[in-house]
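**Q**
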Amino acid sequence: MWKRAFVVLLTLNVLVGVLALAWITSFPTATSPQVSAFPQNLSTHSNEAVMQVAIGDEAINSFLNYDLPRQHDLKRVLASARVSFAEDWNCRLDIKLLDRQVPFVMTFSPAVHRGNLDLHLLRSSMGGVPLPDFMLFLVFRHLPWPGWIILNSKQHTLDVNFTNRPPRPYSIRVLSYSAKTKQLTLAVGIEPSAVHTPA
Numbered sequence: 012m013w014k015r016a017f018v019v020l021l022t023l024n025v026l027v028g029v030l031a032l033a034w035i036t037s038f039p040t041a042t043s044p045q046v047s048a049f050p051q052n053l054s055t056h057s058n059e060a061v062m063q064v065a066i067g068d069e070a071i072n073s074f075l076n077y078d079l080p081r082q083h084d085l086k087r088v089l090a091s092a093r094v095s096f097a098e099d100w101n102c103r104l105d106i107k108l109l110d111r112q113v114p115f116v117m118t119f120s121p122a123v124h125r126g127n128l129d130l131h132l133l134r135s136s137m138g139g140v141p142l143p144d145f146m147l148f149l150v151f152r153h154l155p156w157p158g159w160i161i162l163n164s165k166q167h168t169l170d171v172n173f174t175n176r177p178p179r180p181y182s183i184r185v186l187s188y189s190a191k192t193k194q195l196t197l198a199v200g201i202e203p204s205a206v207h208t209p210a
């Protein structure tokens, strides 16, 4: 039982880490059409330089393929990880158990609300066996979530409140998610004082 709980905890840490870190490696170039001037009235801090960034599941999966082999603690228990954007979001982790790779799959329904992201758990399974939602959220409650991620056990939802996240060195607001383009659009704000300039 403790092995399953550990695997679930590890899975959730990877998912949150991916969502929080994937955009860093997916910034478009200055000539990319994904970068656009961002209206001043949408910036939450007056000194911020704000840009709009659109990321898809390919960028997240590229990050996972690059980063996972370098995470020594993770690669002992995690063979691979992939996310897939569509109407719902699927997250598949291949867990190493007894020299086997056991698929652990979670499906979330994403909703954007006032700059934040609500992830409603639709279903989860391990090795093709469905897991009860309450069991997964029971494990979720024992994870060291940051204060800006709220567990709503009754609604089976992870509320990722980017607007409550500390804005330094950068702030994040979720603008939209398009199931048609399969892209998550973010507003990323950086204060000039937060950028380190070498002497």
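The sequence shown: position 68 = 79 (this note's numbering), numbered continuously. Note that CB positions come from ideal geometry on N, CA and C, so glycine has one too. A quick note: this is a predicted structure, and the numbers were derived from the prediction, not measured.
To the nearest angstrom, how far is it from the Cα of Gly138 to the Cα of Val61?
**A** Residue mapping note: residue 138 aligns to position 127 of the sequence shown, counting from 1. Residue mapping note: residue 61 aligns to position 50 of the sequence shown, counting from 1. Between Gly138 and Val61, the C-alpha separation is close to 43 Å.
**Q** Do Val94 and Asp110 have their beta-carbon atoms positioned less than 8 Å apart in this structure?
**A** Your numbering for residue 110 matches position 99 in the sequence shown. Your numbering for residue 94 matches position 83 in the sequence shown. Not closer than 8 Å, so no.
**Q** On the CB-based measure, 16 or more other CB atoms within 10 Å of its CB, does Asn163 come out buried or exposed?
**A** Within the sequence shown, numbered from 1, the residue matching residue 163 stands at position 152. Answer is exposed; the Cβ neighbour count stays below 16.
**Q** Could you give the residue range of the alpha helix (DSSP H) that holds Ser73?
**A** As a first step, residue 73 must be located in the sequence shown, where it is residue number 62. Unbroken alpha helix (DSSP H) run through Ser73: Asp68 to Asp78.
**Q** For Arg87, count neighbouring Cβ atoms within 10 angstroms of its own Cβ and tell me buried if that reaches 16, exposed if not.
**A** Walking along the sequence shown from the start, residue 87 turns up at place 76. By the neighbour-count rule (16 or more Cβ atoms within 10 Å), Arg87 is not buried but exposed.
**Q** Between Leu142 and the rest of its own chain, which residues show a CB-CB distance below 7 Å, the 5 nearest in sequence each way excluded?
**A** The sequence position of residue 142 within the sequence shown is 131, counting from 1. Only Ser135 and Ser136 meet the Cβ criterion.
**Q** Identify the continuous alpha helix (DSSP H) that holds Leu149 and give its terminal residues.
**A** Looking up residue 149 in the sequence shown gives position 138. Its alpha helix (DSSP H) spans residues Asp144 to Phe151.
**Q** Would you say Leu142 touches the ligand NAP, meaning its beta carbon is less than 7 Å from a heavy atom?
**A** For the structure depicted, the ligand NAP is absent and the ligand set is empty, with no information on it obtainable.
**Q** Hey, out of Pro178, Ile106 and Pro157, whose CA is closest to Leu169's CA?
**A** As a first step, residue 169 is located in the sequence shown; it is residue number 158 there, counting from the start. Selected option, being the one with the closest Cα: Pro157.
**Q** State the Cα-Cα distance for the pair Thr8 and Asn101, rounded to the nearest angstrom.
**A** The structure shown does not extend to residue 8, since the chain is modelled only from 12 to 210, so the question has no answer here.
**Q** Please determine, among Leu89, Leu85 and Pro180, the residue with the shortest C-alpha to C-alpha distance to Gln112.
**A** As a first step, residue 112 is located in the sequence shown; it is residue number 101 there, counting from the start. The candidate whose alpha carbon is nearest that of Gln112 is Leu89.
**Q** With a Cβ-Cβ cutoff of 8 Å, do Arg179 and Glu202 count as a contact?
**A** Position 168 of the sequence shown, counted from the start, is the residue given in the question as residue 179. Position 191 of the sequence shown, counted from the start, is the residue given in the question as residue 202. Yes, the pair counts as a contact, with Cβ atoms nearer than the cut-off.
**Q** How should Leu195 be labelled, buried or exposed, when 16 other C-beta atoms within 10 angstroms of its C-beta is the threshold for buried?
**A** Stepping through the sequence shown from its first residue, residue 195 is reached at position 184. Flag for Leu195 reads buried.
**Q** Which residue from Ala92, Asp99 and Glu98 puts its Cα closest to that of Ile106?
**A** If you number the sequence shown from 1, residue 106 lands on position 95. Restricting attention to Ala92, Asp99 and Glu98, the CA atom closest to the CA of Ile106 is found in Ala92.
**Q** How should His167 be labelled, buried or exposed, when 16 other C-beta atoms within 10 angstroms of its C-beta is the threshold for buried?
**A** Against the sequence shown, residue 167 aligns to sequence position 156. Classification of His167: buried, given that the 10 Å Cβ count is 16 or more.
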